[in-house]
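One structure is given here, and the rest of the page talks about it.
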Amino acid sequence: MENQYIIKGGNSLHGEVTISGAKNAALGILAAAIMADDTVVIDNLPDVRDINVLLETIQGIGATVNRINSHVVEINGSTISNFTIDSDSIRKIRASYYLLGALLGKYAKATVALPGGCDIGSRPIDQHLKGFRALGATVNIERGMIDTQAEHLAGNHIFLDVVSVGATINIMLASCMAEGRTVIENAAKEPHIVDVANFLNSMGADIKGAGTDKIRIKGVEKLHASEYSIIPDQIEAGTFMVAAAATKGNVLIKNVIPKHLEAISGKLIEIGATVEEFDDAIRVSASERLSHTQIKTLPYPGFPTDMQPQIATLLALSKGTSTVTESIFENRFKYVDELTRMGASIKVEGNVAIIEGVNELSGTSLSAPDLRAGAALVVAGLVADGYTTIDSIQYIERGYECFESKMNALGAVMEKIPVDDERAIQKFKLKVG
97 MENQYIIKGG NSLHGEVTIS GAKNAALGIL AAAIMADDTV VIDNLPDVRD INVLLETIQG
157 IGATVNRINS HVVEINGSTI SNFTIDSDSI RKIRASYYLL GALLGKYAKA TVALPGGCDI
217 GSRPIDQHLK GFRALGATVN IERGMIDTQA EHLAGNHIFL DVVSVGATIN IMLASCMAEG
277 RTVIENAAKE PHIVDVANFL NSMGADIKGA GTDKIRIKGV EKLHASEYSI IPDQIEAGTF
337 MVAAAATKGN VLIKNVIPKH LEAISGKLIE IGATVEEFDD AIRVSASERL SHTQIKTLPY
397 PGFPTDMQPQ IATLLALSKG TSTVTESIFE NRFKYVDELT RMGASIKVEG NVAIIEGVNE
457 LSGTSLSAPD LRAGAALVVA GLVADGYTTI DSIQYIERGY ECFESKMNAL GAVMEKIPVD
517 DERAIQKFKL KVG
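Numbering follows my numbering, with no gaps: position 318 of the sequence shown is 414.
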C-alpha cells in the first residue's frame, strides 16, 4: 500500500530536532565493513530505506548481519560465499556499486547489477571503472551487470577526469588491500568521503589525505575488527535549517557538524536568517520575509546539489529575484512544475532557475519526483495556505528517517496516510480544523 503525506500549512517550526547519521556515509561504510573477516560494529546508522536494502543485500551474499537495533548493526564478512549481486531492490539504490569496490578489493572479483537511484540526470560510472582497470582489473558490462575481476590488484596513480564522490569511495575500497601505493588525484572532498576513509583506517587501512583533492593509500594485507559511529547527515540538517527559515520559525538542530553546513549557513545568513553555531548544534531562526540571492551548486565545500530544491523553495517565497544554477545534475529541476502549481513563479532556462519571489503559496496535491525534491515539497507544504498532499513519498523515505514525526515535534501539522484515502483525508481535516 502506497502512502502519501497530508500537510496543513501555516505553522512556524519551533523547538529542537536531532539529526540522524549520514545516509551517504553509511552506504560506503556498510560496503567497507564486509572487507574485514572480523566483526565490525557500526553505530548512528540512519533507519532509512536505502540502508535497509543494502543490509539485506550484504546478508544475501552470505555475510553475517546482526541488527542490534534500528541504529546499530554488527557485520562479519568472513562468511561471504557469493560474489554476484542482482536483485530488484538493489537495482533501485545507487550505492550498490560500492559492493563492487569492496568485493573486488577483498576477493579480486565481483559482479553487480548496474545501479539505479533517483532520476536526477545521468550519473555515469566510467570513472569508477577507469579506477578498477588502473588497479589491474578487467571490467565487462553485459545484460545490465558489471563484471570485474583481477589476478591480483596493484596500486597505481589514478587521475579522475571529473570530481566524483562515488568513484573516489569505490577506488579507496578497491585499493586499500591492493599491493603497493595508490594515489587518487582530483578526488572528491565531501565529508562522507572522509568518514569512509576514517572507518577503513579504524579497520587497519592506511589512507591519508581524505578531504583534500589528493588521497594516498598504502595497501595492507588485511582489515580487522572495529567499532565506528557515522557522522551526522548534512543534507537532513540543511533541510531542517531551510524549513526553520521558510516557516519563520526558531529551531535548534542537534547532532550536526557545523563545518559541514557552512555553504548552507552562509546563504541563509546572506538572505537575512539568523544562524548561530555551537559545538555540535546549529540554531536557525527568521522572523520576517527573507531576501534574494544567487546560488550555484558545486562539489564540496561549495553549495550541495542535494540542497538545491530545498533552498529554491525558500527563495520562491523570498523578496526579489533569485537565480539557482545547477552545475552537477541536469535533471534536478523536476520539482519546479509542482511548485508552480502552488503559485511559485519560477522559469527554468537550461541549468538555471530564475525565481521571482511571491508572497504566498497555496496548498494542492503534489507528487515527489525524487528524494531531495520530495523534501523540498514538504517544506513548501509547511508554508502553503491550506492543505497539501504529496504522493510518491517512498522517495523521501529513502533518505529521511521519521520525517513526519520529526516535523510534527517542531509544530508542523502533517500525517502519513494511504494514497487516495478520502476518509483519512477528511479525518485529518476534521482533527486539525
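Virtual Cβ for every residue (Gly too), placed ideally from N, Cα, C. Just so you know, these numbers come straight off a predicted model, no measurement behind them.
Outcome for residue i when other beta-carbon atoms lying within 10 angstroms are tallied against a minimum of 16
i    : result
M273 : buried
D329 : buried
F336 : buried
Q390 : exposed
I237 : exposed
V290 : buried
E286 : buried
T244 : buried
S414 : buried
L249 : buried
S458 : exposed
K119 : buried
Three-state class that DSSP yields for residue i in the structure shown
i    : result
F374 : coil
V474 : helix
A301 : coil
V347 : strand
S192 : helix
V144 : coil
K205 : strand
G227 : helix
A359 : helix
F179 : coil
F425 : coil
N120 : helix
N107 : coil
D222 : helix
P287 : helix
K443 : strand
I311 : strand
V235 : strand
I125 : helix
K318 : coil
V528 : helix
D184 : helix
P405 : helix
A382 : coil
I391 : strand
E275 : strand
A412 : coil
I130 : coil
A480 : coil
I102 : strand
Identified DSSP bridge partners for residue i
i    : result
F255 : E281
F295 : Bridge partners of F295: none, in fact.
F137 : Looking at the sequence provided, one finds Val at residue 137 rather than Phe. V137 pairs with E170 and E323.
P328 : G117
F399 : T393
I367 : DSSP, once it has assigned bridges, lists no residue as partnering I367.
S418 : I451
Q522 : Bridge partners of Q522: none, in fact.
A306 : T308
Residue range of the alpha helix (DSSP H) that includes residue i
i    : result
G111 : Per DSSP, G111 belongs to no alpha helix (DSSP H); it is in the beta strand (DSSP E), H110 to T114.
K266 : Note that residue 266 corresponds to Asn in the displayed sequence, not to Lys. Element bounds for N266: V261 to S271.
Y491 : Q490 to E493
N504 : F499 to A505
R437 : V432 to R437
Whole-number beta carbon distance between residue j and residue i, since they are thought to touch under 8 angstroms
i    : j    : result
T153 : I176 : Not a contact, Cβ separation roughly 12 angstroms.
D487 : E98  : 7 angstroms
V144 : E493 : 6 angstroms
V509 : K188 : About 31 angstroms separates the two Cβ atoms, so there is no contact after all.
A586 : D182 : There is simply no residue 586 to check, as the chain begins at 97 and stops at 529 in what is shown.
I254 : G227 : 5 angstroms
N351 : T114 : 5 angstroms
Run of the beta strand (DSSP E) containing residue i, from where it starts to where it stops
i    : result
L462 : S461 to S463
A449 : V448 to E452
E511 : V509 to P514
I242 : M241 to Q245
T484 : Y483 to D487
N162 : T160 to N165
Proximity test, Cβ basis, 9 angstroms: residue i and chain D
i    : result
E152 : Of the chains in the structure shown, none is chain D; there is only one protein chain.
Cβ-heavy atom distance, residue i to the ligand GDP, below 8 angstroms
i    : result
V149 : Only the bare structure without any ligand can be found here, which leaves the ligand GDP out of the picture.
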